[in-house]
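S.K.: Residues 1 to 430 (full-length UniProt numbering) make up the sequence shown, in order. Positions of the beta carbon are idealized from the N, C-alpha and C atoms, including for glycine.
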Amino acid sequence: MAPEYARLPTSNSSSSLTSTTIASSSSKKPSTLCIIFPLLALTALVSSVLTAYSPSLVAHLAKQQQQQQPQSTSSPIPPYATSVSATTSSQPSWKRIASDTNWRNSAAYRTAYASCPLLDTQDKCEQARYDRLLAWEWTTNNANDDGLLRDDDDLLAPPGGRTRRRRPRDVVEKCLAGRTLGFSGDSLSRQSFHSLACLLHADGATLSISKSGSLDVVRASFVNTSSAPVTLLWTGDSLNPYLLAYTGSRPEPTINYTTLHPTLTELISANLDYLVLNTGLWVDASSFRSRVQDFYQAYTQIIRSALALLLPQLESQHAKLIFRTSPVRHFQNGDYSSDGSCPDLVPNFNASAITYFGGFAETLQNEKLKEILAATPGVSMLDAAEIAFARADAHRSETDCSHYCLPGVPDFWNEVLLQSIWDTCEKSDE
C-alpha cells in the first residue's frame, strides 16, 4: 500500500509555484590575503552586476538583509556577503523527520521508487546518500505559506500548519486523466521528467514507455480505476538547453533567437495540456562565454524570445505554461572543471549566494525570470531554486553538484506542481 501523504496548507503569498498574474515580483593552506582579496573582488563584481542589471534584485536582497541576522557557517564568509543572500528565515525550509513517520525513508517506498524504469546513471546514488537525504522533508514554518502563488486570490490556506501534499494517484484520477504534460530543457529538466514519472510509479502506476518521433513518451495508468492514463512527454535524447535553435556548443553557441529548438516545436505539436520548461544551467558564467554581461543578456533574450514564440501556439491549445527556476549549483572551492565539490552531509541553512562558486549567476537568472513573468499574464513559475537552495547534501556525488539523487529534491518540485494542478482542478469544479 502506498503511504499516505500529509496535507500542505495553500497560500497566495510566497514562492514555489508563482502565478504571474499576481506576482510582482592543494596541501598548502592559502594565506588570509589569498582568501580575502578574491572574496572582495567577487563581492564587488556581484554588487556591480546586480546594480547594473537588476534593480529589483537589489531591493529584494536589501530587504532580506534587514530581515536576517548574520549567522556563522561551516565555510565562514565575511559579513558583507549577506548582501547577496538568497534565502530568508521566513521561506519554506527542510525539517528532519523521524524515520518511523517519514514515508520517504520507508523500505517500501524506496523499493518501489528504485524499480522505476526511467531511472538512469544520472539519477541513481549510493545507498548511504539515500539514508541521509531522505530523512529530510521540505515543509514550511508558516501555516499560511506552502510556497504557492496562484491565479486566484481567494484560494486560501486551510487551518493548521501541516504540510499539504496530495498523492500522485489522486491528482491523476481527479485532474490529469487523459491529459498530457510536456517537459523540455536541460539535464535538470530531464531529471524533473524522470521524477514525476517515478513518483507515479512509486504510487502504484504502471508505466508504458515508447518513442514518438524524437519524443520520449510515458503513459502512467493505475489499476482498479476507469480513469484514462496521463501522458508525460520529454524532448528525447537531445537536450534543449537554450529552448531556442542553436549551432556550435558551449561556451560559444550561436543561438537563433527567432526559432524554437526543433524538439520543442515537436513537443508543442503533441497538443499539450501543460508545458514545463527551464533554461539556465548552460547559460551562466561557467558555461556561456567569459563575461557576466554576456550570459545575463543572453538569458534575458532567451526567455523573452521563447515566450514570444511559444505563447501564441500554447494559447491556441489552451495549454498552461510553467517555467521552472534554476537551482544554484552547489560547488564550493571551485567549479566542476576546477576541482570544486559539494561535501556537505546535511542541509546548509546558513548559505548565501556566494557560498557556492558562481552561485550569483543563478540568482541573477531567477530574479530576471520573475521580473519577466510578472509582466506575462497566464504563465506560472515553479521556484525549484528556493526549494533546493539548502540541499547541497542531496547531489549524486561530491563532484556532481548540479544533479540530484532520485528519489530526492526534484520530487518536491513535482509535488508542488501536482498540488497546484489539484487546486486549479478543484476550483473549476465549484
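Identify the continuous beta strand (DSSP E) that holds V276 and give its terminal residues.
M.R.: Within the sequence shown, the letter at position 276 stands for residue 276. 274-277 is the extent of the beta strand (DSSP E) around V276.
S.K.: What do you get for residue 459, buried or exposed, if any count of 16 or more other CB atoms within 10 angstroms of its CB means buried?
M.R.: Residue numbering for the chain in the displayed model covers 1 to 430; residue 459 lies beyond these limits and cannot be assessed.
S.K.: Can you tell me whether V217 is helix, strand or coil according to DSSP?
M.R.: Residue numbering aside, residue 217 sits at position 217 when the sequence shown is read from its first letter. Strand, per DSSP.
S.K.: Have a look at A112 and T254 and give me their C-alpha separation to the nearest angstrom.
M.R.: Numbered from its first residue, the sequence shown carries residue 112 at position 112. Numbered from its first residue, the sequence shown carries residue 254 at position 254. C-alpha separation (whole angstroms): 43 Å.
S.K.: Which residue from F222, E398, H194 puts its Cα closest to that of T206?
M.R.: For this step, residue 206 is matched to residue 206 along the sequence shown. Among F222, E398, H194, the Cα nearest to that of T206 belongs to F222.
S.K.: In angstroms, rounded to a whole number, what distance separates the CA positions of S189 and G236?
M.R.: Here residue 189 refers to the residue found at position 189 when the sequence shown is read from its first residue. Here residue 236 refers to the residue found at position 236 when the sequence shown is read from its first residue. So the alpha carbons of these two residues sit roughly 12 Å apart.
S.K.: State the Cα-Cα distance for the pair S184 and T355, rounded to the nearest angstrom.
M.R.: What you label residue 184 is simply residue 184 of the sequence shown in a count that begins at 1. What you label residue 355 is simply residue 355 of the sequence shown in a count that begins at 1. Distance between the alpha carbons of S184 and T355: 29 Å.
S.K.: Anyone know if the C-beta pair for C116 and A197 falls short of 9 Å?
M.R.: If you number the sequence shown from 1, residue 116 lands on position 116. If you number the sequence shown from 1, residue 197 lands on position 197. The answer is yes: Cβ separation under 9 Å.
S.K.: Keeping to the same chain, check which residues put their C-beta closer than 7 Å to that of R250; ignore five residues upstream and five downstream.
M.R.: Taking the first residue of the sequence shown as position 1, residue 250 is located at position 250. Answer for R250: W282, S287, F288, listed in chain order.
S.K.: For T259, report the span of its beta strand (DSSP E) as first-last.
M.R.: If you number the sequence shown from 1, residue 259 lands on position 259. Counting along the chain, the beta strand (DSSP E) containing T259 begins and ends at 254-260.
S.K.: Specify the secondary structure class of R304 as computed by DSSP and reduced to three states.
M.R.: As a position in the sequence shown, residue 304 is number 304, starting the count at 1. Note: R304 maps to helix in three-state DSSP.
S.K.: Helix, strand or coil: which one does DSSP assign to L133?
M.R.: Counting from 1 along the sequence shown, the entry for residue 133 is found at position 133. Correct three-state label for L133: helix.
S.K.: What residue does the beta strand (DSSP E) around R391 start on, and which one ends it?
M.R.: Here the question's residue 391 lines up with position 391 in the sequence shown. Neither: R391 is in no beta strand (DSSP E) and is coded neither H nor E.
S.K.: Identify the residues that DSSP records as bridge partners of Y109: which are they?
M.R.: What you label residue 109 is simply residue 109 of the sequence shown in a count that begins at 1. Paired residues: none, contrary to the question.
S.K.: Looking only at C-alpha atoms, which of T225, R96, S380, S341 sits nearest to V172?
M.R.: In the sequence shown, residue 172 corresponds to position 172, counting from 1. Out of T225, R96, S380, S341, T225 has the C-alpha closest to the C-alpha of V172.
S.K.: Would you mind working out which of Q313, Y296, L199, Q301 sits nearest L275, comparing C-alpha positions?
M.R.: If you number the sequence shown from 1, residue 275 lands on position 275. Cα-wise, what sits closest to L275 is Q313.
S.K.: With 16 as the cutoff for other CB atoms within 10 Å, does C425 come out buried or exposed?
M.R.: Taking the first residue of the sequence shown as position 1, residue 425 is located at position 425. Exposed, because fewer than 16 other Cβ atoms sit within 10 Å of the Cβ of C425.
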